[in-house]
Amino acid sequence: MRLATLLWVGPLLAQSGGVRFFTGTWEALLLEAKRQNKPIFVDFYATWCGPCKMLERYTFSNPEVGAFTDKHFLAYRIDAEKGEGPRLANQFRVRAYPTIVFLTPQGTELGRQVGYVDAPAFLSLLQRYAERVEDKQGKASPSWEGFQEQYRVFFAELTGQAWEKNFASKWAAWRKALELGDYAAAQKALEPLTSPAREVLTALTQAAQGQSEVALHTLHHNLYQTQKLSPLQTLWMGAYALLYWPTPPPEAIQWVSFTTRKDPSGVAYLTLAALYYRLGRLDDARSALKEARRDLPADQPALQTLANLLNPR
């Protein structure tokens, strides 16, 4: 037993009281994850990235995060610009730093977190992904897929087909180009849009190219604060982030929160609750769902499914 313990401690890099990172090769990490039947989280970072340093300093050093990780996960860090980092970053379609990718013990992606997240929010993410692996053996949750389909139908009924044919199609083309890293094509896809929407997505294109702090500052102050973007447009954007992004970007919370402030409705609060859920902010999700219940029928399928996800039996 003592020899096995020594062998295991060897490939770990410890932060005092925080997360201990596996320091072997990628292949060794995958083998160890299968051996221990533990999920993995992989932190893709760059040495010049300010939010990456904040993540290391304030989140990974947290004792609660470290203790939970030790018990339930293998943690791994990859410099996305050195060694095997570029290959793995391309394999996992990493477009911004930091990106934390959550994997099953078999190496299948469960989801991801893009950008800085504080210790309490990250702990909630870890808990959610650990529960998913334990309860579903690493498979995508049928309940979440069911919610997405119910939500898609419900949202289409409320918004009508014009939205699907215009804004949504341009959004989809922009998102596909962004995933491929073709920023010129992403920008071209925005040309037919009206100025406010084009400004928002241009800001997000810039964010994907590593200018997130400037872009998000512009997004919030120049568009939301001056009310150049309508509550319906921000709701559309939040809905598409919810349905078509593997993990919604944190700024999607801002988009839909703007809608709930300016034009509150059951569907807006349901969208906000689902975004909170996907980002691991479960208490906030329950609060938003409570507001959605005030306006939506109790038997609304998407509402019921999300309630079950937030309060599993």
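Throughout, this note's numbering is defined as the position within the sequence shown, counted from one, plus 8.
All C-beta atoms in this analysis are idealised placements derived from N, C-alpha and C, irrespective of residue type, glycine included.
task = With DSSP as the reference, please indicate the residues paired to arginine 294 in a beta bridge.
result = Counting from one through the sequence shown, the residue named residue 294 turns up at place 286. DSSP, once it has assigned bridges, lists no residue as partnering arginine 294.
inquiry  = Since leucine 287 and proline 305 should fall inside the 8 Å C-beta cutoff, what is the C-beta to C-beta distance between them, to a whole number of angstroms?
reply    = As a position in the sequence shown, residue 287 is number 279, starting the count at 1. As a position in the sequence shown, residue 305 is number 297, starting the count at 1. Between leucine 287 and proline 305 a beta carbon distance of about 26 Å is seen, past the 8 Å cut, so the two are scored as non-contacting.
Chain-order list of residues whose beta-carbon lies under 6 Å from that of lysine 261 (same chain, five-residue window excluded) = Here residue 261 corresponds to residue number 253 of the sequence shown, with the count starting at 1. Contrary to the premise, residue 261 reads as isoleucine rather than lysine in this sequence. If we look at isoleucine 261 and ignore the five residues flanking it on each side, its Cβ neighbours are Leu283.
Segment limits, alpha helix (DSSP H) that includes aspartate 78 = Here residue 78 refers to the residue found at position 70 of the sequence shown. From DSSP, the alpha helix (DSSP H) with aspartate 78 extends over 71–80.
Check whether phenylalanine 4 and proline 47 have beta carbons under 7 Å apart = This structure leaves residue 4 out entirely; the chain is present only between 9 and 321.
ask   = Does the stretch 104–111 come within contact of the stretch 241–249, defined as at least 3 CB pairs closer than 8 Å?
value = The stretch 104–111 is not in contact with the stretch 241–249.
message = Could you tell me which whole alpha helix (DSSP H) segments of length 4 or greater appear in the stretch 264–318?
response = Within the stretch 264–318, the complete alpha helix (DSSP H) runs of at least 4 residues are 274–286, 290–301, 309–318.
query = Between phenylalanine 162 and the rest of its own chain, which residues show a CB-CB distance below 6 Å, the 5 nearest in sequence each way excluded?
reply = As a working mapping, residue 162 is identified with position 154 in the sequence shown. The beta carbon of phenylalanine 162 lies closer than 6 Å to those of Ala310 in the same chain, with the five residues before and after it left out.
ask   = Between leucine 118 and arginine 95, what straight-line distance do the alpha-carbon atoms span, to the nearest angstrom?
value = As a first step, residue 118 must be located in the sequence shown, where it is residue number 110. As a first step, residue 95 must be located in the sequence shown, where it is residue number 87. Going from the Cα of leucine 118 to the Cα of arginine 95 covers about 20 Å.
message = Using the three-state DSSP reduction, which class does valine 141 fall into: helix, strand or coil?
response = Within the sequence shown, numbered from 1, the residue matching residue 141 stands at position 133. In this structure, valine 141 counts as helix in the three-state DSSP scheme.
key: Rounded Cβ spacing between aspartate 51 and arginine 101 (contact assumed at less than 8 Å)   = On the sequence shown, position 43 is the one that residue 51 refers to. On the sequence shown, position 93 is the one that residue 101 refers to. No, aspartate 51 and arginine 101 are not in contact; Cβ-Cβ is about 16 Å, not under 8 Å.
key: Three-way DSSP call (helix, strand, coil) for tyrosine 124 in this model   = On the sequence shown, position 116 is the one that residue 124 refers to. Tyrosine 124 falls in the coil class under three-state DSSP.
ask   = Does the distance from the CB of glycine 274 to the CB of aspartate 303 come in under 7 Å?
value = On the sequence shown, residue 274 is found 266 positions in, with the first residue counted as 1. On the sequence shown, residue 303 is found 295 positions in, with the first residue counted as 1. Contact: yes.
inquiry  = Between glutamate 72 and leucine 131, how many whole angstroms is the CB-CB distance? I'm expecting something under 8 Å.
reply    = Sequence index remark: in the sequence shown, residue 72 carries index 64 (1-based). Sequence index remark: in the sequence shown, residue 131 carries index 123 (1-based). Contact flag correct, Cβ pair sits at about 6 Å.
ask   = Which value, in whole angstroms, describes the spacing of the CA atoms of glutamate 139 and aspartate 292?
value = Along the sequence shown, one-based indexing puts residue 139 at 131. Along the sequence shown, one-based indexing puts residue 292 at 284. Between glutamate 139 and aspartate 292, the C-alpha separation is close to 19 Å.
task = Given a cut-off of 7 Å, decide if tyrosine 124 and methionine 62 are closer than it, judged by their beta-carbon atoms.
result = Stepping through the sequence shown from its first residue, residue 62 is reached at position 54. Stepping through the sequence shown from its first residue, residue 124 is reached at position 116. Less than 7 Å divides the Cβ of methionine 62 from the Cβ of tyrosine 124.
task = Take cysteine 57 and list the residues in its own chain whose beta-carbon comes closer than 6 Å to its own, dropping the five residues that flank it on each side.
result = On the sequence shown, residue 57 is found 49 positions in, with the first residue counted as 1. Counting only Cβ-Cβ distances below 6 Å, and skipping sequence neighbours, we find Tyr105.
task = Report the partner residues of glycine 119 according to the DSSP bridge assignment.
result = In the sequence shown, the residue the question calls residue 119 occupies position 111. In DSSP, glycine 119 forms a bridge with Phe110.
ask   = With a CB to CB cut of under 6 Å and the five nearest residues on each side skipped, what residues in its chain are close to tryptophan 263?
value = Position 255 of the sequence shown, counted from the start, is the residue given in the question as residue 263. Cβ neighbours of tryptophan 263 beyond the five flanking positions: Thr242, Met245, Gly246.
inquiry  = I'd like to know whether the C-beta atoms of phenylalanine 68 and threonine 313 end up nearer to each other than 7 Å.
reply    = Taking the sequence shown and counting its residues from 1, the one referred to as residue 68 is at position 60. Taking the sequence shown and counting its residues from 1, the one referred to as residue 313 is at position 305. The answer is no: Cβ separation not under 7 Å.
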